[in-house]
Each structure stands twice: as C-alpha cells, then as structure tokens.
Amino acid sequence: MSIRYISSLLINTCVVFLFVFGQIGCSTDSKQSEKNNDSIAVQSETIMESASNATETSVSSIGFGFCDQTGKRILMQEDTVVMPESFTKALSKEGKIVDIIFREAKKESEQSNGRQWAENFDRSGGNLYTVTSGTVSEEETTLLFTKPFLETHKLIPTTPFKKAQLPVDVKTTIESAKGRKIKDAHSLVKLPDERSIFLIEFELKGNSALASLVFVSSDKLLYKDFPAKYDETSTWSVDDGGQFGWEYYKILAVLEYEGKIELITDWVGAEGYNSSYIQEDGHTFKVIKEGYRYTSPL
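Count along the sequence shown starting at 1, add 136, and that's the number in the numbering used here.
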C-alpha cells in the first residue's frame, strides 16, 4: 500500500470525524440554547404572574365606602367583595388606622334616594361595618383595608402644604418634560424627607388642556396626567369653567410598597366622588383600582 494512499485515507477519516463531531457540538449547543431560552421564558412568565398576582391582591385588599353622620358606621358598596369580613381596618379622619368590624350585608330600602352620603346612610345598602375606636371622615370617601395589606404597605404621614412654591429647578424640569409652561401650581401635601405633592395646570396648546398630579422628591418626579379638550364651560368635569379646580382634588393616603409610591385620591365632581388607587410605574402613576360614589344634590 503506497504512502500516498495511506495519507489520503487518514485525511478523509479526519474530515469525517470533524464533521460528525461538529454536528454533535452544534446539536448540543442548539439544545442548550433552547433550554436557556425556555428557562428565560419561564422566569419572565413567573415575574409577570407574580406582579399580576400582587396587583390583584392589592385591588381586593382596598375598599371604598362612606360613613354615617357620627363617623362610627361605614358602608362599602362593592358587589365583587368575596370576604367582606377580611376588611378590619379603616383610615380615620386624623389620618390614622382604626379598627373596624363587619356586621352584615345591608339591603337598600325603597325609601333610599340613591345618594351615597351620610344623610342617606340608613336607607342605603352595602357591607356594613362599625368603627371600634375613633371615627372616620364624613366629608371624604372612607378607605377600608385588610390587615395583610397594611402589613406590606407602609402608610406615610402627610401634612397640609398650602401655598408652597415649586423650586425653580423642579419647575424647569417639569416644563421641559411636558413641553408646556406652567399656568398654576398648587401644593397639596407635604411628606417626610422633603417630599411633596403638587397639582399643576399648564398653559393651553390650542384646544389641548393638561393638568398633572406631581410627586416631588430629591431623586424623582412622578406624574399622573389629566389631558382634556378645552371647553370654557366643562373641560375636566361638568361645569368646571375650564379650570381643573385643585380644591376638589384630595390626597386621602400615601403608601409605600417595595420602594414604590402609591396614592389614594378623591376627585369631587358635580355629581359625585371619583376615587383612585394609583401606583408608581416608571416616571408615571398607573391606576390600580377606581371607585365612584354618587352624591348629586337633590
């Protein structure tokens, strides 16, 4: 057998070996890549499911209601509540947490005028609670909580912060972010650590109106925008005269959950109270839960 023939045979054998080994390697890499992708997908789904579950838990752990003229009885008018007895806490008129007890699912009487306010309390229906210590506010929407919710969400104390001015650098940053000049800025509440909340109305752009709720701190600005089409009679709500009406917008509570700011607000309109539970999401607030209470004058 010639040396040339043996050399040729060895070369062909090496080529076949390298090809087969390469195919095996590619197959292994492909399978490993698929496993990695599957693992990433599962992790992503788990994170999204966890966030969704946390949101659903928060929604079912906060209730909106109203009280009687004594501030000692509360009605929560939410048909979707599965376990009304799980709500054992409420926010007092002083901004403190008080204990409540579920009494019964109360039926609305035929004499009810449909208004969800103190004067119609005895004729209204809903889940009835009594306050065991302190009182809740007759003038605002009553907030009800479950105990587990308050164990994971920190209630941040607030104080009125009237007639405070926006710092010049903050004003400049806000105007740049929104691409509009500020028309009016009203301070609502002050929080610990030099934090505050403002309600800002911007100059019109044609018939485009914009107001923003702004949480201000040393490290971030958070916005809840209220865009609207300008109308000199009714822009953001019926008969508002084209003005946002900051005095009708209330901060009921400020909470902190896993480093994120949460707000619960009341916005009083011509016919009722719009309540919102909103949570920090990037540089904005997203709505987690909303409620409405009909109080149109008779």
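Cβ coordinates follow ideal geometry from the N, Cα and C atoms, glycine included.
Please read these numbers as outputs of a predicted model, since none were measured by experiment.
So F338 and I198 are in contact, right, with Cβ under 8 Å, and what is the actual spacing, rounded? Not a contact, Cβ separation roughly 30 Å.
Do the stretch 288-295 and the stretch 374-390 make contact, defined as three or more Cβ pairs closer than 8 Å? Result yes; three or more Cβ-Cβ pairs closer than 8 Å.
contact_flag[the stretch 267-275, the stretch 205-214] where n(CB pairs < 8 Å) is 3 or more: Yes, the stretch 267-275 is in contact with the stretch 205-214.
E426: buried (16+ other C-beta within 10 angstroms of its C-beta) or exposed? Burial call: exposed.
Would you mind sorting H289 into buried or exposed? The rule is 16 or more other CB atoms within 10 Å of its CB. Counting other Cβ atoms within 10 Å of its Cβ, H289 reaches 16 or more and is therefore classed as buried.
With a threshold of 7 Å, establish whether the CB of V350 neighbours any heavy atom of the ligand GTP. In the structure shown, the ligand GTP is absent, as is every other ligand, since no ligand is present at all.
Range covered by the beta strand (DSSP E) that runs through T288: Secondary structure note for T288: it is in no beta strand (DSSP E), and the uninterrupted alpha helix (DSSP H) holding it is 283-288.
Under DSSP, the alpha helix (DSSP H) around S312 begins and ends at which residues? First-last of the alpha helix (DSSP H) with S312: 304-314.
Locate the beta strand (DSSP E) running through D215, then write down its first and last residues. Note, D215: premise wrong, no beta strand (DSSP E); not H, not E.
Could you check which residue in G261, E394, S370, W403 has the C-alpha nearest to that of D204? Minimum Cα distance to D204 is reached at G261.
Between which two residues does the beta strand (DSSP E) containing T420 stretch? First-last of the beta strand (DSSP E) with T420: 420-430.
The beta strand (DSSP E) spanning P100 covers which residue range? Outside the displayed span of the chain (137 to 434) sits residue 100, for which this structure offers no information.
Smallest Cα separation from K298: which of V325, I318, I310, T308? Considering only alpha carbons, the answer is V325.
Quick check on D402: buried or exposed, where buried means 16 or more other Cβ atoms within 10 Å of its Cβ? A residue is called buried once 16 or more other Cβ atoms fall within 10 Å of its Cβ, and D402 is buried on that count.
If we count the other Cβ atoms within 10 Å of its Cβ and call it buried at 16 or more, is I310 buried or exposed? Per the 10 Å Cβ criterion, buried.
Once you ignore the five residues that flank V423 on each side, which residues in its own chain have a CB closer than 7 Å to its CB? Contacts found: S412, I414.
On the criterion of 16 or more Cβ atoms from any shown chain inside 10 Å, does V404 qualify as buried, or is it exposed? With 16 or more other Cβ atoms within 10 Å, it is buried.
Residue nearest to W382 in terms of C-alpha spacing, selected from D367, G342, D320: Nearest C-alpha to W382: D320.
What distance in whole Å lies between the Cβ atoms of L346 and L279, which are believed to be in contact at a cut-off of 8 Å? L279 to L346, Cβ: 28 Å. No contact.
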